[in-house]
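Colleague: Numbering (the UniProt record's numbering), first residue to last: 1 to 291. Backbone N, C-alpha and C fix where the C-beta goes; we use that ideal spot for every residue, glycine too.
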Ligand SMILES: O=C(O)CCC(=O)C(=O)O
Ligand SMILES: [Fe+2]
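(1) Got a sec: does ligand 2 put a non-hydrogen atom nearer than 7 Å to the Cβ of residue 174?
(2) Does the region 210 to 230 come close enough to the region 103 to 110 to have 3 or more Cβ pairs within less than 8 Å?
(3) So does residue 110 have its beta carbon nearer than 7 Å to some heavy atom of ligand 1?
(4) Just the residues with CB closer than 6 Å to a heavy atom of ligand 1, in chain order, which are they?
(5) Would you mind working out which of 156, 95, 88 and 126 sits nearest residue 295, comparing C-alpha positions?
(6) Counting Cβ pairs, one atom from each stretch, are 3 or more of them under 8 Å apart for the region 110 to 124 and the region 140 to 155?
(7) Here's the rule: buried if 16 or more other CB atoms are within 10 angstroms of the residue's CB, otherwise exposed. What is residue 263?
(8) For residue 231 and residue 288, which I take to be in contact (beta-carbon distance under 8 Å), what is that distance rounded to the nearest angstrom?
(9) Taking the continuous beta strand (DSSP E) assigned at residue 10, which residues delimit it?
(10) Quick one: what's residue 192 bridged to in DSSP?
(11) Applying the criterion that 16 or more other CB atoms from any shown protein chain within 10 Å of the CB defines a buried residue, is residue 182 buried or exposed?
(12) Between residue 185 and residue 207, which are expected to be in contact by the criterion C-beta below 8 Å, what is the C-beta distance as a whole number of angstroms?
(13) Within 7 Å: the Cβ of residue 179 and any heavy atom of ligand 2?
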């Protein structure tokens with residue numbers, strides 16, 4: 001049986017920003033995961049995502065088009081289904097008709113904007129935690145036209161949870177800067193802090209009512225020269241229906257992912273060469289989906 005984790009809890013609105021930044025730093029070094037409370041996104045909005053994705057509304061999965069348009073896909077073999085909403089301004093999103101799901105589009109747009117603003121606030125604390133200026137990510141250009149994505153995820157309830165080959169979501173790390181996750185409380189999410197250890201140890205990440213589960217993505221790990229970890233995680237077949245929403249805060253596609261000066265030195269040189277986010281993401285998608 002995996003152990004249940006006690007992840008740190010970060011208060012987005014704490015007046016003591018420096019001590020909050022310190023706890024974020026520790027959480028990102030130790031776990032790459034933490035809970036975010038006091039984020040200002042009301043739960044009523046969050047309840048909108050738990051809708052059965054109607055069969056007529058499932059997105060036709062055109063891999064090439066999705067790469068071009070920064071849409072992410074579930075890994076082949078995962079049993080979940082997802083509906084993805086990309087940047088609102090780029091006009092590439094497919095929306096249900098107003099008469100089929102009244103107010104759904106406007107609610108989702110509001111939700112997207114709120115998550116974007118929570119992400120921006122959190123990134124200023126993350127900048128502080130790395131001894132950088134609070135507006136560091138803005139100045140870097142990461143937040144101009146960011147290629148953020150919301151994934152509305154549905155895990156069917158009728159999977160055979162006794163088989164090791166059946167995943168809700170198979171083991172992966174997220175590509176971007178940070179991910180904010182809201183779940184409906186049904187368990188299933190697990191993390192593996194030492195992915196190279198044998199046997200791997202998987203720990204349950206319980207949901208916390210009203211809190212987002214935040215995790216560090218690969219771009220942040222690369223920026224910080226692996227000081228902050230992009231922890232591998234997966235979702236077990238829940239054995240009952242499960243809904244979650246993941247907000248992937250990805251940077252602007254032209255943003256350069258280059259080790260921060262505060263995270264390298266002569267004795268600790270950058271582990272990765274600089275790369276533009278667009279090139280990085282295309283490479284990751286190519287490897288992940290064997291394109
Ligand atoms: O649904 C979840 O709890 C996790 C989803 C996830 O890790 C992802 O979509 O990257
Ligand atoms: Fe993930």
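Modeller: This is what the structure gives:
(1) Yes, Cβ of residue 174 sits closer than 7 Å to a heavy atom of ligand 2.
(2) Per the Cβ contact rule, the region 210 to 230 is not in contact with the region 103 to 110 (fewer than 3 Cβ pairs under 8 Å).
(3) No, ligand 1 has no heavy atom inside 7 Å of this Cβ.
(4) Output, sorted by chain position: 151, 153, 169, 174, 181, 183, 189, 233, 235, 244 and 246.
(5) The structure shown does not extend to residue 295, since the chain is modelled only from 1 to 291, so the question has no answer here.
(6) Because the criterion of three Cβ pairs below 8 Å is met, the region 110 to 124 and the region 140 to 155 touch.
(7) Label assigned to residue 263: buried.
(8) Contact flag wrong, Cβ pair sits at about 17 Å.
(9) From DSSP, the beta strand (DSSP E) with residue 10 extends over 9 to 11.
(10) DSSP lists 232 as partners of residue 192.
(11) Residue 182 is buried by the Cβ-count criterion.
(12) Between residue 185 and residue 207 the beta-carbon gap is near 5 Å, inside 8 Å, which marks them as a contact.
(13) Within 7 Å of the C-beta of residue 179 there is at least one heavy atom belonging to ligand 2.
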